[in-house]
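J.: Here you go, one structure.
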């Protein structure tokens with residue numbers, strides 16, 4: 001319950017935050033919503049010497065449309081995602097996903113940028129981001145770079161976010177009208193991380209799959225894109241046989257960790273089942 | 289030991305200044321420095337919601353907030369719900385509908401429900417259960433908490449309310 005002592009910094013601008021991060025290096029951690037970091041500090045899994053609170057950086061908040069992209073400030077909270085009329089209208093998968101994350105109090109604080117940067121395979125946004133073909137803006141003293149979500153996650157708690165970098169924005173191409181989508185999440189109870197979950201985005205043309213993304217949560221070291229399953233569906237009608245084959249291929253890439261949520265076989269089977277359900281639901285929502 | 293800092297916030301309408309170590313959690317400041325011991329601690333993994341208070345118009349688990357993060361904030365705890373000795377509709381609802389037993393989750397339940405009803409004055413049962421999911425209770429089985437929130441919601445909408453509890457209804461009638 002009691003974290004180790006640390007120095008606290010509340011920068012008023014992004015450049016000030018970056019300067020503090022460079023000054024304190026490895027001993028510093030960025031504080032966003034604090035709903036992964038503080039719990040780890042309270043259990044002394046993490047013992048940073050400096051916390052740099054991004055809470056006062058209004059420039060990292062907000063959801064807006066820019067051309068054919070939705071741009072979301074990294075410090076935007078889960079609750080703000082849920083109530084965003086722009087997302088409800090143009091990117092409902094993100095709203096559906098956010099509603100399945102944690103609980104109301106946590107969603108008032110926890111941010112989309114923090115959920116992604118944490119790199120926990122149990123988190124939902126990494127999967128949703130890959131399914132939505134998002135990219136992330138990373139700022140440092142050398143300027144900005146933009147990296148795609150697909151490939152950003154390197155391992156458990158490891159991402160491409162480098163030393164001295166701060167995620168400032170999430171960019172999502174506006175899904176084309178008629179895109180079907182679903183986030184099917186199996187969990188033991190409200191607020192729990194997934195035993196297994198699958199995000200699907202799907203487009204049809206002439207009754208056949210023209211574009212599909214299938215991404216799995218918490219059945220590997222990172223969110224997993226089931227590319228083989230996607231390939232198996234392209235150019236075909238999405239019938240039950242095709243769905244079964246995609247689920248089988250999705251299961252073939254699972255490497256879940258055994259824990260209190262279940263053993264490897266159970267989680268793998270559930271990843272298959274979530275994939276079937278997500279594909280069926282996405283199909284009912286997809287129009288040509 | 290790191291350097292202590294001064295933090296200022298409004299607590300139930302009263303300007304309050306505290307001096308804390310940066311690592312101090314808001315729940316400990318509220319309970320130990322401000323002597324507002326209504327908010328409770330039921331876990332160390334941010335699940336139970338017994339420490340829920342209202343921070344700048346949002347429900348927050350004060351065990352997962354540093355006091356330094358509450359600088360300049362507007363805080364509401366269960367102690368601030370009643371006005372001039374009159375119970376808030378939610379407090380009355382929890383009493384009338386038997387929405388508490390040991391009372392340990394109740395301050396967090398009340399402050400969470402307070403914010404819920406600000407955002408949704410007429411929630412369905414399903415909505416109440418979904419939007420109260422950050423608060424655990426070991427005693428009630430939640431059923432009467434749902435009724436208590438519905439009672440308060442009706443009351444706040446200006447509707448006539450009657451308790452659904454048979455014995456309490458008899459008491460109120462006399």
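Protein chains in written order, with the numbering used here: chain S, 1 to 288; chain D, 289 to 462.
Using N, Cα and C, we set each Cβ at its ideal position, and we do this for glycine too.
CB-CB under 6 Å to residue 336 of chain S, same chain, minus the five flanking residues each way: which ones, in chain order?
T.: As displayed, chain S neither begins before 1 nor continues past 288, which places residue 336 of chain S out of reach and without an answer.
J.: Looking only at C-alpha atoms, which of S/63, S/242, S/169 sits nearest to residue 114 of chain S?
T.: Selected option, being the one with the closest Cα: S/169.
J.: Helix, strand or coil: which one does DSSP assign to residue 450 of chain D?
T.: It is coil, neither helix nor strand.
J.: Cα-Cα, which of S/181, S/110, S/51 is closest to residue 287 of chain S?
T.: Checked all of S/181, S/110, S/51; the closest Cα to residue 287 of chain S is S/181.
J.: Select from S/149, S/130, S/131 the residue whose C-alpha is nearest the C-alpha of residue 138 of chain S.
T.: Minimum Cα distance to residue 138 of chain S is reached at S/149.
J.: Taking the beta carbon of residue 146 of chain S as the centre, do at least 16 other beta carbons fall within 10 Å, making it buried, or is it exposed?
T.: By the neighbour-count rule (16 or more Cβ atoms within 10 Å), residue 146 of chain S is not buried but exposed.
J.: Does any CB atom of chain D fall closer than 7 Å to the CB of residue 105 of chain S?
T.: It does; some Cβ of chain D falls within 7 Å.
J.: Buried or exposed, going by whether 16 or more other CB atoms sit within 10 Å of the CB of residue 394 of chain D?
T.: Flag for residue 394 of chain D reads buried.
J.: Can you find a CB in chain S that lies within less than 7 Å of the CB of residue 368 of chain D?
T.: Residue 368 of chain D does not count as touching chain S.
J.: Please indicate yes or no: does the CB of residue 91 of chain S lie closer than 6 Å to some heavy atom of the ligand GDP?
T.: The ligand GDP is absent from the structure shown, which contains no ligands of any kind.
J.: Given a cut-off of 7 Å on the beta-carbon distance, is the pair residue 216 of chain S and residue 176 of chain S in contact?
T.: Contact flag unset, no.
J.: Quick one: using the 10 Å Cβ neighbour count with 16 as the cut-off for buried, is residue 85 of chain S buried or exposed?
T.: Result: exposed.
J.: Residue 379 of chain D: which of D/336, D/357, D/371, D/398 sits nearest, CA to CA?
T.: The residue with the shortest Cα to Cα distance from residue 379 of chain D is D/398.
J.: Pick from S/48, S/143, S/105: whose alpha carbon is nearest that of residue 18 of chain S?
T.: Selected option, being the one with the closest Cα: S/143.
J.: List, in chain order, every chain D residue whose beta-carbon is nearer than 8 Å to that of residue 308 of chain S.
T.: Lying before the first or after the last residue shown, residue 308 of chain S is absent from chain S, which here runs from 1 to 288.
J.: The beta strand (DSSP E) that contains residue 306 of chain S, what's its start and end?
T.: Examination of residue 306 of chain S is not possible in this model, given that chain S is present from 1 through 288 alone.
J.: For residue 304 of chain D, which three-state DSSP category applies?
T.: DSSP places residue 304 of chain D in strand when its eight states are reduced to three.
J.: Could you give the distance in angstroms between the alpha-carbon of residue 442 of chain D and the alpha-carbon of residue 373 of chain D?
T.: When rounded, the distance between both Cα atoms is 21 Å.
J.: Taking the continuous beta strand (DSSP E) assigned at residue 210 of chain S, which residues delimit it?
T.: It spans 208-217 - the beta strand (DSSP E) in which residue 210 of chain S sits, taken as one unbroken run.
J.: In or out: residue 375 of chain D buried (at least 16 other Cβ within 10 Å) or exposed?
T.: Classification of residue 375 of chain D: exposed, given that the 10 Å Cβ count is below 16.
J.: Can a CB atom of chain D be found closer than 7 Å to the CB of residue 81 of chain S?
T.: Answer no: the Cβ-Cβ gap between residue 81 of chain S and chain D never drops below 7 Å.
J.: At which residues does the alpha helix (DSSP H) containing residue 11 of chain S begin and terminate?
T.: Per DSSP, residue 11 of chain S belongs to no alpha helix (DSSP H) and is neither H nor E.
J.: Please state if the CB of residue 197 of chain S and the CB of residue 111 of chain S are separated by a distance shorter than 7 Å.
T.: Against a cut-off of 7 Å, the Cβ pair of residue 197 of chain S and residue 111 of chain S comes out as no contact.
J.: Taking the straight line between their C-alpha atoms, what separation do you get for residue 359 of chain D and residue 353 of chain D?
T.: Going from the Cα of residue 359 of chain D to the Cα of residue 353 of chain D covers about 11 Å.
J.: Taking residue 6 of chain S as the query, report the chain D residues whose CB atoms sit under 7 Å from its CB, ordered along the chain.
T.: Neighbours of residue 6 of chain S on chain D, chain order: 290, 310, 311.
J.: Give, in chain order, every residue of the stretch 325-337 of chain D whose Cβ lies closer than 7 Å to some Cβ of chain S.
T.: If the cut-off is 7 Å between Cβ atoms, the stretch 325-337 of chain D has 332, 333, 334, 335, 337 near chain S.
J.: Is DSSP giving residue 395 of chain D helix, strand or coil here?
T.: If DSSP states are grouped into helix, strand and coil, residue 395 of chain D belongs with the helices.
J.: For a cutoff of 7 Å on Cβ pairs, would you count residue 401 of chain D as touching chain S?
T.: Output row for residue 401 of chain D: interface = no.
J.: Does the Cβ-Cβ distance between residue 392 of chain D and residue 328 of chain D come in under 7 Å?
T.: In contact: residue 392 of chain D and residue 328 of chain D (Cβ atoms closer than 7 Å).
J.: Quick check on this structure: which residue in S/151, S/192, S/130 has the alpha carbon closest to the alpha carbon of residue 100 of chain S?
T.: Comparing Cα-Cα distances from residue 100 of chain S to each of S/151, S/192, S/130, the minimum goes to S/192.
J.: Name the DSSP bridge partner or partners of residue 183 of chain S?
T.: In the DSSP output, where bridge partners are listed per residue, residue 183 of chain S has S/199.
J.: Could you tell me whether the Cβ of residue 327 of chain S comes closer than 7 Å to any Cβ of chain D?
T.: Past the edges of chain S, shown from 1 to 288, lies residue 327 of chain S, and the structure says nothing about it.
J.: Our contact map puts residue 213 of chain S next to residue 200 of chain S with C-beta atoms below 8 Å; I'd like the distance itself, whole angstroms only.
T.: 7 Å between Cβ atoms; contact.
J.: How far does the alpha helix (DSSP H) with residue 249 of chain S in it reach, from first residue to last?
T.: That run of the alpha helix (DSSP H) goes 240-252.
J.: On a Cα-Cα basis, can you pick out the residue from S/77, S/184, S/141 that is closest to residue 127 of chain S?
T.: Selected option, being the one with the closest Cα: S/184.
J.: Whole angstroms is fine: what's the gap from residue 321 of chain D's alpha carbon to residue 64 of chain S's?
T.: For residue 321 of chain D and residue 64 of chain S, the distance between alpha carbons rounds to 42 Å.
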